[in-house]
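**Q** Let me begin by handing over the structure; questions about it come next.
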Amino acid sequence: MDILTAPTPTSHFFTSLRTRLHYLDWGNPSAPTLVLVHGGFDHARSWDWTARALARDHHVIALDLRGHGDSGWSPDGSYMMANFVYDLAQLVDLLDRSPVTIVGHSLGGAISLRYAGLFPEKVRKLVAIEGLGLSPDRLKQKAEQAAPQVWREWIDTRRASARRTPRRYPTIEAAIGRMRERNEHLTVEQALHLTSHGVNRNEDGSYGWKFDPYLKGLAPQAGTDEELPDFWKRISCPTLLCLGQDSWASNPEKDGRIRHFSDARLVEFADAGHWLHHDQFERFIGEVRGFLEGEAGDSRTVVRL
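If you're matching positions, the sequence shown starts at 1 in the UniProt record's numbering and goes up one per residue.
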């Protein structure tokens, strides 16, 4: 797409659970609505490449989750999965264009999968990039940990966060370097874009991340991973599950989780990690376009790219 004709987003705000939340609107409101939901410690501008690629045929909305980007932080410093899902439900209802298509990454994928299970009639199609959560083996290990121990560790983590000074970077280049440490697949151009939209300038001239440091460690009440298959079974729309072969995430075909979906297809991306939509953008956007246009193939099939 020619950069002179490429769409640019407008910023909008809405209120959910007494918190001011931000989203980007990429225009084309007469087209079907597509909502992009980013992952943890990320922001809505991380979807810019995807949004520009899909904005011609869709009304693209990119949400800043609470505690992220230009959205407000939770006043109590606690981030519940139920609150994230409520925020997405609030946004979809305010847009008033359901059923919508949703693309979610990591935490955003987990939120979107829950939402699609709660409101299957409001989701036309769903793309989840490594949003299934813990593998069955990890869940078994987690179940062996007593609940009081989990709660105590969360309280200790919160207190440690309260004592810790948020990390600051003397230059934007230093912040970019940290971004590339997290994902070695990123190009310098990608890291510059993600960092420039993901930091604020402090009064002393240094840079700090926009996300709330209290996001590290969700509250124990949010631990409903064992119940996730109940959400997945209720999803009625076609679902595309995306996995990076170099990622830490477990393969849902091999661990059996894909069986809980009535209409799901798995695509694995070689030479890609957890941020596969950055690592292999052209392949990713090609798969998403085919899926959205109805060329995704049979459900429960596995494609390796």
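Backbone N, C-alpha and C fix where the C-beta goes; we use that ideal spot for every residue, glycine too. Predicted, not measured: the structure shown is a model, and the values here were computed from it.
Does DSSP classify I61 as helix, strand or coil?
**A** Three-state result, I61: strand.
**Q** Checking 8 angstroms against the spacing of the C-beta atoms, do A89 and A62 come in under that value?
**A** Cβ distance not < 8 angstroms, so A89 and A62 don't count as in contact.
**Q** So, does the segment 235-246 touch the segment 121-138, judging by three or more C-beta pairs under 8 angstroms?
**A** They touch, by the three-pair rule.
**Q** Helix, strand or coil: which one does DSSP assign to L134?
**A** It is coil, neither helix nor strand.
**Q** What is the rounded straight-line gap between the Cα of P99 and the Cα of E203?
**A** When rounded, the distance between both Cα atoms is 44 angstroms.
**Q** Check each candidate in G256, R18, L54 and name the one with the smallest Cα separation from G25.
**A** Checking the displayed sequence, the identity of residue 25 turns out to be Asp instead of Gly. Closest option to D25, Cα to Cα, is L54.
**Q** Count the CB pairs spanning the segment 201-218 and the segment 168-186 that are closer than 8 angstroms, and state whether there are at least three.
**A** At 8 angstroms Cβ cutoff, the stretches touch.
**Q** Counting along the chain, where does the beta strand (DSSP E) carrying G104 start and finish?
**A** Counting along the chain, the beta strand (DSSP E) containing G104 begins and ends at 100-105.
**Q** If distances are taken between C-alpha atoms only, which option among L95, F281, P252, Q141 comes closest to A31?
**A** Minimum Cα distance to A31 is reached at L95.
**Q** From which residue to which residue does the beta strand (DSSP E) around residue 307 run?
**A** This structure leaves residue 307 out entirely; the chain is present only between 1 and 305.
**Q** With a CB to CB cut of under 6 angstroms and the five nearest residues on each side skipped, what residues in its chain are close to G267?
**A** The sequence as given places Val at residue 267; Gly does not occur at that position. Around V267: C242, E287, V303.
**Q** Just to confirm my understanding: we take M1, look at its own chain, exclude 5 residues before and 5 after, and list those with CB closer than 7 angstroms. What are they?
**A** Note on M1: pLDDT 49, under 50, position unreliable in the model; no value is reported.
**Q** G108 and G39: beta carbons closer than 8 angstroms?
**A** Their beta carbons are under 8 angstroms apart, which means G108 touches G39 by this criterion.
**Q** Whole angstroms is fine: what's the gap from D212's alpha carbon to T195's?
**A** So the alpha carbons of these two residues sit roughly 15 angstroms apart.
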